[in-house]
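See below for the structure under consideration.
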Amino acid sequence: MARGELMKKLLASYGRDEEFRAVAEQIIVEEEQKNNRVLARSLRKTLDNSAPSTGAPKALAPLIPFPDAAGDFVERIEPVHTKNDIILSASNINVFQGLIQEFKRGEDIRRHGLAVRSKLLFCGPPGCGKTLCAEVFANELGLPMFVVKIDRVISSYLGETAANVRKVFEFARKQPCVLFLDEFDALARSREDSTEHNELRRVVNSLLIFIDRIRPKGFLVAATNLDQTLDPAVWRRFDEVIWFDKPNAAMIDRYLKLNFRNIEIDFDLHKYASHLEGYSYAEIERISTQAIKSSIIDRRKKVSGDDFKQALNDEVRRRSGLARLNQAD
Ligand SMILES: Nc1ncnc2c1ncn2[C@@H]1O[C@H](COP(=O)(O)OP(=O)(O)O)[C@@H](O)[C@H]1O
Ligand SMILES: [Mg+2]
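Take the sequence shown: its position 295, counting from 1, is numbered 295 in UniProt numbering, and each next residue is one higher.
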């Protein structure tokens with residue numbers, strides 16, 4: 001169908017989700033047939049990301065105007081990823097479903113004098129989905145996500161840091177949101193570190209007290225790469241500690257399928273899954289993307305096993321370089 005006709009159909013389908021998707025699908029297929037693969041892929045990704053939520057419509061949280069006080073220290077992130085974009089273990093899915101149910105029935109639970117779990121600690125190695133999951137979680141809840149800029153909070157004059165922390169928490173107390181504190185270990189570690197300025201240690205202690213006291217309107221999510229080495233005084237302040245591990249063979253399989261869901265390949269993805277054990281999701285994503293890029297550069301329609309092997313070798317090279325760097329530290 002001519003492009004103009006399709007555009008007209010697309011506009012006419014506004015508000016009718018199924019029809020809209022069908023027309024959008026037609027446009028994507030046409031672009032694929034014209035060999036505009038990059039455009040087609042990007043359109044499909046956009047369409048997939050805007051998948052309609054199943055079940056009840058989400059209640060969008062009211063947005064409180066940004067109080068100047070916290071504006072410098074938190075950044076609003078528009079959640080775009082959905083649960084279709086993340087691989088989670090069955091036990092983590094259970095935890096999150098439980099948290100979502102609890103949040104939805106929060107008022108009833110509080111009326112019974114009970115607390116709703118709202119302070120979460122995400123632990124695990126880098127690139128295993130802590131940040132992504134916070135975003136998906138916010139999306140599922142229909143809450144905005146705010147990322148705390150810890151460096152801003154801390155690097156200002158030490159005397160002001162405590163006041164900055166207070167502003168951030170004051171914000172989270174009023175604004176229903178997912179407040180995300182990344183690299184929380186950096187903060188928590190300094191509590192132990194005797195070389196740090198006393199003032200900073202006091203600030204960290206006051207941060208922990210804040211965490212203790214706050215009843216967020218939504219969720220406070222802190223993320224750390226550390227595990228056992230994290231101070232127990234930090235652990236016990238959270239209602240839930242959730243682990244994000246590197247994927248096992250079955251999850252690698254699922255993740256590869258996800259990465260290549262709209263891509264034509266001429267090799268068996270499953271065969272590579274066992275070679276990828278020990279890699280993080282972020283690394284596997286990088287390998288997949290590099291393999292796809294090789295096929296685009298060579299103007300081949302399909303990604304080949306060689307593309308994938310080459311990308312895997314690159315990752316191995318990168319890793320051994322990084323290992324040497326770490327040894328030199
Ligand atoms: N569990 C996962 N499922 C799907 N993709 C993932 C997962 N974990 C990581 N990724 C991919 O790797 C990228 C980096 O992950 P991220 O959430 O920032 O890791 P972390 O915060 O644990 O360091 C994500 O944007 C996503 O593309
Ligand atoms: Mg992260």
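Beta carbons: idealized from backbone N, C-alpha and C, even for Gly.
Applying the criterion that 16 or more other CB atoms from any shown protein chain within 10 Å of the CB defines a buried residue, is residue i buried or exposed?
i: glutamine 175; result: buried
i: leucine 114; result: exposed
i: serine 320; result: exposed
i: arginine 215; result: exposed
i: proline 144; result: buried
i: serine 50; result: exposed
i: asparagine 139; result: buried
i: glutamate 264; result: exposed
i: threonine 289; result: exposed
i: glutamate 5; result: exposed
i: glutamate 78; result: exposed
i: valine 204; result: buried
i: glutamate 31; result: buried
i: proline 57; result: Interpretation of proline 57 is limited by its pLDDT of 41, a score under 50 that renders its predicted location unreliable; the figure taken from the coordinates is listed afterwards. Proline 57 should be labelled exposed.
i: arginine 254; result: exposed
i: glutamate 135; result: buried
i: asparagine 225; result: buried
i: arginine 237; result: buried
i: aspartate 298; result: exposed
Starting from residue i, trace the alpha helix (DSSP H) in both directions and tell me its first and last residue.
i: arginine 44; result: 37-49
i: cysteine 133; result: 130-141
i: alanine 223; result: Alanine 223 -> not in any alpha helix (DSSP H); beta strand (DSSP E) instead, spanning 219-224.
i: phenylalanine 96; result: 90-104
i: leucine 11; result: 3-12
i: isoleucine 296; result: 281-297
i: residue 340; result: In the structure as shown, the chain begins at 1 and stops at 329. Residue 340 is therefore absent and cannot be evaluated.
i: valine 234; result: 232-235
i: leucine 269; result: 269-273
By Cβ distance, which residues of its chain are closer than 8 Å to residue i, with the 5 residues on each side in sequence left out?
i: glutamate 25; result: Leu47
i: valine 74; result: Phe146, Val147, Val148, Lys149, Val168, Phe171, Leu179
Excluding the 5 residues flanking residue i on each side, which residues of the same chain have their C-beta closer than 6 Å to its C-beta?
i: arginine 21; result: none
i: glycine 305; result: Phe267
i: alanine 311; result: Ile287, Gln290, Ala291
i: aspartate 239; result: Arg117, Lys119
i: leucine 10; result: Val23
At what residues does the beta strand (DSSP E) containing residue i begin and finish?
i: lysine 119; result: 119-123
i: leucine 179; result: 178-181
i: isoleucine 77; result: 74-77
i: isoleucine 242; result: 240-243
i: valine 303; result: Valine 303 -> no beta strand (DSSP E), and no H or E assigned at all.
i: valine 148; result: 145-148
Go through its chain and collect everything with a Cβ distance to residue i's Cβ below 7 Å, but skip five positions before and after it.
i: isoleucine 209; result: none
i: leucine 276; result: Ile252, Ile284
i: leucine 132; result: His81, Ile86
i: serine 42; result: none
i: tryptophan 243; result: Cys123, Gly124
i: glycine 129; result: Ile86, Phe244, Tyr281
Less than 6 Å between the CB of residue i and some heavy atom of ligand 4, yes or no?
i: asparagine 205; result: Of the ligands this structure carries, namely ligand 1 and ligand 2, none is ligand 4.
Please write down, chain order preserved, every residue whose beta carbon lies under 5 Å from a heavy atom of ligand 1. Ile86, Ile87, Pro126, Gly127, Cys128, Gly129, Lys130, Thr131, Leu132, Tyr281, Ala282, Glu285
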